[in-house]
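S.K.:
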Amino acid sequence: MKKITLLLIAVLIFSSGAAQVLNESANWPNSNWSLSGSYTATGLLSDPTTTGSTFTFDDDAAGSSSDDTIQATSPVIDLTAASSAGENWIIISGDYVYRPLGNDVLSIEAYDADTATWYTLWTFTGNSTGSDYETCSNTEPYTTGVLDITGFTATQLSGFRYRINYDDQNGWQWGWCLTSPTIASLDPSSSCLDPINLNVVNITETTADLTWTEIGVATAWNIEWGPVGFTPGTGNVITTSSNPFTLTGLLANTDYEFYIQSDCGGSNNVSNFVGPIGFGTASPSGAACASATNMTVVGDCSSATPTTFNFSSAIDIDASNENPTCDAVGNYGFFVSFTAPAIGSVVFNFSGDADSIGLEVYDACGGASVSVCNNNGFNTGDSSGLIGGLTPGATYYAVIWRDQQSGSADVCIEEGSSCPEPSSLNATSISLDSAILSWTENGIANTWNIEWGAAGFTLGSGNVINNLTSTNYNLNGLSSSTSYDFYVQSNCTGETSGFSGPYTFTTQAPSRINFSQQPISVSGSDLAVVDMNGDFLDDIVGVTSTNINIQQQNTDGSFTNINITTPNADYLPTWSMAAADFDANGKTDLLYGASSGVTFMQASNDGTSFTEQSTTQYVFSQRSNFVDINNDGNLDAFVCHDVEPNVYFINDGSGNLTFYQSDVTPGAPYSLGNYPSGGDYGSIWIDYNNDRNIDLFVAKCGGSVERRTNIMVTNNGDGTFTENAALLGLADPMQTWSSAWGDFDNDGDMDVFVGASSGTHKLMENSGFSDDGNPNNDFVFTDVTDTAGIIAPTGWESSVHDIDNDGYLDIISNGSIMYGKGDMTFEDADNQQIDYKNGAFGDLNNDGFIDAYYNGVRYYNQGNSNNWVKINTVGMAHVTANYSNRNGIGARVELVTPSGTQIRDVRSGEGFEFMSSLNVHFGLGTETSITEIRVYWPSGVVDVFENLSVNTTHILVEGSAPLSVEDQTFADVSIYPNPVEDVLKIKTSAVLTEKIATIFDVSGKRVFNQMITNNTLNVSNLQGGIYFLRIESNGRSIRRKFIKK
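To convert, take the position in the sequence shown, counting from 1, and add 6; that gives our numbering.
(1) Taking the CB atoms as reference points, tell me whether G530 and T550 lie closer together than 9 Å.
(2) Between which two residues does the alpha helix (DSSP H) carrying Q4 extend?
(3) Smallest Cα separation from A348: which of T397, Y338 and N680?
(4) Closest Cβ-Cβ distance between F463 and chain D: below 9 Å?
(5) Spatial neighbours of A118 within its chain, please: C-beta separation below 7 Å, excluding the five flanking residues on both sides.
(6) Check whether the Cβ atoms of M583 and E919 lie closer than 9 Å to each other.
(7) Look at the alpha carbon of R1045 and the alpha carbon of S517, and state the distance between them as a whole number of angstroms.
(8) Under a three-way DSSP split, which group does A24 fall into?
(9) Which of the three DSSP states is assigned to E916 in this structure?
(10) Out of T131, G165, T135 and G136, state which residue places its alpha-carbon closest to the alpha-carbon of T149.
(11) For D724, is the beta carbon positioned less than 8 Å from some heavy atom of the ligand GDP?
(12) Below 8 Å CB to CB, which residues in the same chain sit around S660 once its five sequence neighbours on both sides are set aside?
(13) Who are the near neighbours of G373 in its chain, counting only those whose CB is closer than 8 Å to its CB and skipping five residues on each side?
(14) Starting from A415, follow the beta strand (DSSP E) in both directions and report where the run begins and ends.
(15) Assign R1045 to one of three DSSP states: helix, strand, or coil.
(16) Give me the DSSP bridge partner(s) of R898.
(17) Just curious, the alpha helix (DSSP H) that S297 is in, first and last residue?
(18) Express the C-alpha separation of N316 and D359 in angstroms, rounding to a whole number.
(19) Report the three-state DSSP secondary structure of Q608 (helix, strand or coil).
(20) Pull up the DSSP beta-bridge partners for F1006, would you.
(21) Compute the Euclidean distance between the alpha carbons of F951 and N480, then round it to the nearest angstrom.
(22) CA-CA distance, Y859 and V528?
(23) Name the two residues that bound the continuous beta strand (DSSP E) containing A846.
(24) Roughly how many angstroms separate the alpha carbons of D777 and A586, rounded to a whole number?
(25) Between N380 and the rest of its own chain, which residues show a CB-CB distance below 8 Å, the 5 nearest in sequence each way excluded?
(26) DSSP state of S487, grouped into three classes?
(27) State the CB to CB distance for the pair I96 and I202, rounded to an integer number of angstroms; the pair is presumed to be in contact (CB under 8 Å).
(28) Should the segment 626-637 be regarded as contacting the segment 903-922, the criterion being three or more beta carbon pairs within less than 8 Å?
(29) Which complete beta strand (DSSP E) runs does the segment 188-271 hold, if anything under 3 residues is left out?
(30) Do you know offhand how far S59's Cα is from A32's?
(31) Quick check: what's the CA-CA separation for A16 versus E650?
(32) Does the Cβ of K1051 have 16 or more other Cβ atoms within 10 Å, making it buried, or fewer, making it exposed?
(33) Please list the segments of the beta strand (DSSP E) lying wholly inside the segment 47-125, counting only runs of 3 or more residues, in order along the chain.
(34) Could you tell me which of S42, L112 and L184 sits nearest to S99, measuring between CA atoms?
(35) What's the gap between the Cα of N888 and the Cα of I656?
(36) What are the start and end residues of the beta strand (DSSP E) that includes A858?
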C-alpha cells in the first residue's frame, strides 16, 4: 500500500457564536487528578498528578513479568450547567502517541454515578512503531466520539468523571503517552464536529479511496483535493454522501493531498476543513523495474567489485507496484537485472554496513517469483543460498530492500554450482509407517539419490535409493513413534552434487482412535456443528452478514448444501457462536457474539428464513450460551463481556429478548459476573453440586489478579445466585479462556479441567457430598493436576467427550486428545488427529462416535468395537405449562448400566468460540445393556426410562416416563408445622442428606429446589398457598402436601 503522510493542518471556516459552557483543560500536572491501579513504578515515566505535563507509561521498561493496570482519573466535573444550556454533547480531545504490541488496551472511560461503574468512551489505536512514546514526540491529535448526556440523571450529571485507563492484559507490551486532555460541551443543534481518522486506501495509478470517521451527525461532506502543496480554496471541491469516497481521474506516479469538512445541514452548519493528508498514486506497473540497475554475474565474488546500494536514496518500491510477496508495505529499495549464467543458478552475496536486507528474484519485469522471498533476513556477510532452476541466457529481475531509508549494502552476484545440492528438504503426510519426502532442485538434474535411516545415522551407512525421477518419494515400511533422517543428492550430467541434509522427521505413535479428514465447503464463520432442522442429525453451519450456509446431514451420512438469505446481521460471530431453539418452534436459532455487540438470528417455523435482532448496547462478546436462567421454560441467552460486566437476555416466552447487564442495567434481576472491567472469557452452565439447579462457571483472563480470577455463580434454587468460587477452591487467577466439565472418575459429580491460555493447565477433582455435617466441605475442588497425565499445549479451547466410547470421558484441549481412565488420570495423549483449534464436535455420520469439524475439514472418528447410546432431550414447555425448554438445556441425564452410572448435563456453548452438538452422547465400552436412564428436567419433572437398547439414538420426551416408584425408605416422612410460616421441618427415620427437595405450586410449577443438608427447609420466601413437597433420590421419590401461611 502507498505511503500516506498526514500534515495535521486545519483551516478554520466556522465557529459557533455562543460561548461554550464547558471547555476545561486537565492542566497537567494537576493534583486534583488521582492515580490508581496495580503497576510497576519503573514504567511510569510521567505522572500527571504530580510533576508531569503528560501521562506516560513504558510497559517495556516495566519488565516481562509485570502485570500492569493504571488509571489517571479526573476530579468531578459537573455537567449540570452544560445540560441546562442545551449543550448535551460531550467530547474529550488531546494528543497521543501509542505503540501497542499484543492485546493491551488504552482507553478513555466515563463514570456513571448512578451505578458507580466505569464504561468505555474511547479506545485508542496504535500510531507508532518506535520509541517516541518515551519522549512524547510525534504525537497525533484525537477527539473522542460524542457522549450524549441528554438522558443523564441529576446524579450522573453532577457526579461525572473521566479517566485514562491502560491494561497490559498481563503481557509485555510497549508504551504510550498522552498530553493534557480537554473536555468540552457542544450544542447539537449548532455544532458540526470535525471528521477524524483521515486515510487513503486502495491506491492505484488513477484512483484512490478516501476514508474518514464521522463523530457527529453529518451525512454529507465536502472534499477539496489537488496536487501536493496546493493552497486551500484553489483545489477541486466535491460534495459527497459516501464514505469512503473513490477519487478518480488521477495521474500515475503523482503526489496529491486532500482536506475534508463535515456538512451538518442548515445555514453554515459545517465543521472545519481537516487535513491535508497526502498520498501518491502508483507508477505504471513495472516502471521502476524496467529501469533496473543491470548487474553482471561473476564467477567468484571474492575477487570481484560489488555494487553499492545506498538505502538513504532508495525509492519507495510500494509506489512502483513491485512489492515483494512476503512484505507488502513500507519497503525502500532497488531493482536490479541480470542474465542467468549457463549453469542456471546464482548466489547473491551481501556486505557493507546495512543489515536486515530483503531479496526476491523474478522471471520478468513484474513477473513471477523464482526464489524464496526473504523478508529482511540477510545481514552483512550473508549469502542468499543457491537460486537455481534459471534458464541460461534469460534476463531476471530482483528487488533488494530494507524497511528503513538508511545504510548501504554491497551486493555481488556469482555463478552457482554446476551441480548444486537440492534444498528445501521436507517430510509430509507422516503416518505410522510412511512419509512423503520432498525437496527442491536448484540446477538441471533430473534424477536424485536418497539415503535414509534412524535419526543420527552416519552418512554412507544408511539405506540408499538411487535414480529417483521425481522430487518427492513415498517412503514406506517405517516403524511408528520413531525418528528418521534423510539426505538427498542431485545427479547431473557427468557429476553429482553433495548430499543435502539431514532432514529429521518422526512417525506417528499408535493412536487410541484415528481420525480421517474429508474436506467440505462451508462459507463464512463456520463455528457450529448442531442440528438446525429438528431431525437430531448434526449439521455444519457457517454464517455471513446476509447468509446462513447449512451443510445438512442426511440419514446416509451425506450432506446437502443449503443457503438461506438473512437480513443483514449487525454483528458476526467473530468471537463465539451459540445455538438453540429459543422460540420453541422446532428449528434452531443462532447467536453471533462480536467484539462490539450481539446478533440473534431466529429461524422461521419451517426453517427456510430468519429474522434478526441485534443489541444497541456495546458488548465485547466472548463465550456465549443459551440457558434458561430464570427457569420459566423459555431459553434465555448469556454472553461473557471482555471489558465490562457480563450481559444476558431474558426471553418473554414469545422469542423476544430483553437485555440486562449484571449490576449495571436498572432492575437487572441477576448478578452473573459483575467485575467492572470484565475479563470474562469462557462461560459454561453446569450443575456442579447435584442439586438439580444449573450453575455458571466463568474462566477469566487478563489484567489484575482480581480481574482474572475465575468465578462460580451458584444457583440457589430459589431464583437467586451467589458467587462462591473461593469457598469451592475454584477462585484461581490463572490465565484461561475456557474450561471443560465432566465426571472424569464416574463418581456422580462434575469435575473440571481449566485450560490455560498461558501457564499451566489445572485438573480439579470434585469432592462430592462429604456427609460430615459441614456443608462447607461438600462439593469442593482439589487440584490433582500433578498426577493426572495432562499433556496439551496452551491455548483457547477445552472440551469433553468420550472419544473412544469406553465409558470414560476424555479431555480435548487445543488439539490434544487425552484419554480418560475413569480415575482422574489420563493417558495416550494424541495431538496428531485433529486441528489445534479443536473445532466443533458432533456425530457427523450418525455412527455413534464423536467427530470434529474445523475450517472446511471434517475429522471423522474411525471408531472401534465399543458400544454407545445417544440421547435427544425434548422439553415440553411449548405444549405443557411449567415444563422445560424445548432443547432440554439444563437437564441432567444419568445413565445406569451394570458397570455403574455416568452423568451428562445438556448445554449450549462450551469451550471458547465453537458451538457443538446439543445431543447427549455416552460411550458404553463393552456394556450391552442399559438398566435405566434418568432425566432430571429443569422444570423438576423426573423421567425414568428403563431397558433402552444400545448403539442407537433415543428421543426422550419430558413427562413420558414419570416417576412411578415410591421410595419406601421415606414411607414414614411427615412434615410440620403445617400450615408453615418460615421453616418446614421433616421427620423421618431415613437419612435425608444429599436427597433433593423440590416444591411445586398447585399449577405444577417448580418454585423451590435444594439439596437437603439437614431436616429443615426455609420456605419463608414462598407466597401463601398450597404446595407439594417432593423428596427424590436416584429416580425414586415421596410427595407431601403443605400449606404456606
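Backbone N, C-alpha and C define an ideal beta-carbon position, used for all residues, glycine too.
The structure presented is a predicted model; accordingly, all values stated were derived computationally and were not measured.
M.R.: Based on what the coordinates show:
(1) yes
(2) The shown model of the chain, from 7 to 1051, leaves out residue 4, and the question about it has no answer.
(3) T397
(4) Absence of chain D from the displayed structure is noted, only one protein chain being present.
(5) Per the sequence shown, residue 118 should be read as Asp rather than Ala. Same-chain partners within the cutoff: Y125 and Q162.
(6) yes
(7) 51 Å
(8) Bear in mind that the predicted position of A24 carries a pLDDT of just 40, short of 50, making it unreliable; the figure below should be weighed with that in mind. Looking at A24 - three-state DSSP - the assignment turns out to be coil, as it is neither helix nor strand.
(9) coil
(10) T131
(11) The ligand GDP is not part of this structure, which contains no ligands at all.
(12) D589
(13) Y403
(14) S414 to E421
(15) strand
(16) D911 and Y942
(17) Premise fails: S297 is in no alpha helix (DSSP H) and is neither H nor E.
(18) 10 Å
(19) strand
(20) R1012 and F1034
(21) 54 Å
(22) 10 Å
(23) A846 to G848
(24) 38 Å
(25) C332, G364, L365, E366 and S390
(26) coil
(27) That belief does not hold up - the Cβ atoms of I96 and I202 are roughly 16 Å apart, past 8 Å.
(28) yes
(29) 188-192, 202-207, 214-219, 226-233, 242-246, 251-253 and 261-269
(30) 10 Å
(31) The pLDDT assigned to A16 is 31, lower than 50, so where the model puts this residue is not dependable; a value taken from the coordinates is nonetheless given after this. About 36 Å.
(32) exposed
(33) 50-52, 60-64, 75-79, 95-105 and 111-118
(34) L184
(35) 17 Å
(36) D857 to Y860
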